[in-house]
Amino acid sequence: MENGEENNIKKRDNSNHPVKGSSIVVEPIREEKDIIAIRNMISNNPRNHLLFVLGINNGLRTGDLLKLRVKDLAGMKPGDSINIREGNETIFRFLVFKPIFLQFVTVIIS
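Each residue of the sequence shown is one higher than the last, beginning at 13 in the working numbering.
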């Protein structure tokens with residue numbers, strides 16, 4: 013870009029972006045109808061659907077879910093478990109996987 017072009021480009025206004033210095037309050041999804049609506053919206057994306065189902069059924073935060081890797085879940089059998097560290101805390105969440113969830117995981121990662 014030439015110097016003149018850089019000055020003419022305006023930042024896009026994002027009405028969802030908070031005002032600088034303000035804080036955002038994030039509430040959990042509580043209504044079953046909202047959970048169903050989100051699940052339906054992301055059902056065509058297996059990765060996101062898997063992460064959503066895992067998070068909503070175990071009360072995990074998005075950041076904690078994104079730390080999971082395929083190798084963490086590959087080869088698991090019903091009754092197997094993993095520990096997930098919550099945020100930067102020293103708190104670990106112990107998860108035991110049910111057969112139906114592991115079938116879903118197997119289909120997605122294979």
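Note that CB positions come from ideal geometry on N, CA and C, so glycine has one too.
**Message:** Tell me which residues share the same chain as L107 and place their Cβ nearer than 7 Å to its Cβ, disregarding the 5 neighbours each side in the sequence.
**Reply:** Exclusion of the five residues before and after L107 leaves N70, S93, I94, I96 as the residues of its chain whose Cβ lies within less than 7 Å of its Cβ.
**Message:** Measuring only the C-alpha atoms, how far is G75 from G99?
**Reply:** 7 Å
**Message:** What does the alpha-carbon distance come out to for the pair K110 and K89?
**Reply:** 9 Å
**Item:** V82 vs I121 beta-carbon contact at 7 Å
**Value:** yes
**Message:** Mapping the DSSP letters down to three states, classify N100 as helix, strand or coil.
**Reply:** coil
**Message:** On the DSSP letters alone, give me the boundaries of the alpha helix (DSSP H) that I68 sits inside.
**Reply:** 58 to 70
**Message:** Our contact map puts G87 next to L77 with C-beta atoms below 8 Å; I'd like the distance itself, whole angstroms only.
**Reply:** Between G87 and L77, the beta carbon gap of about 19 Å keeps them out of contact (Cβ cut-off 8 Å).
**Request:** Could you tell me whether the Cβ atoms of V117 and L85 are closer together than 7 Å?
**Result:** yes
**Request:** Check whether the Cβ of G99 sits closer than 6 Å to any heavy atom of the ligand ZN, and report yes or no.
**Result:** This structure lacks the ligand ZN, and indeed carries no ligand of any kind.
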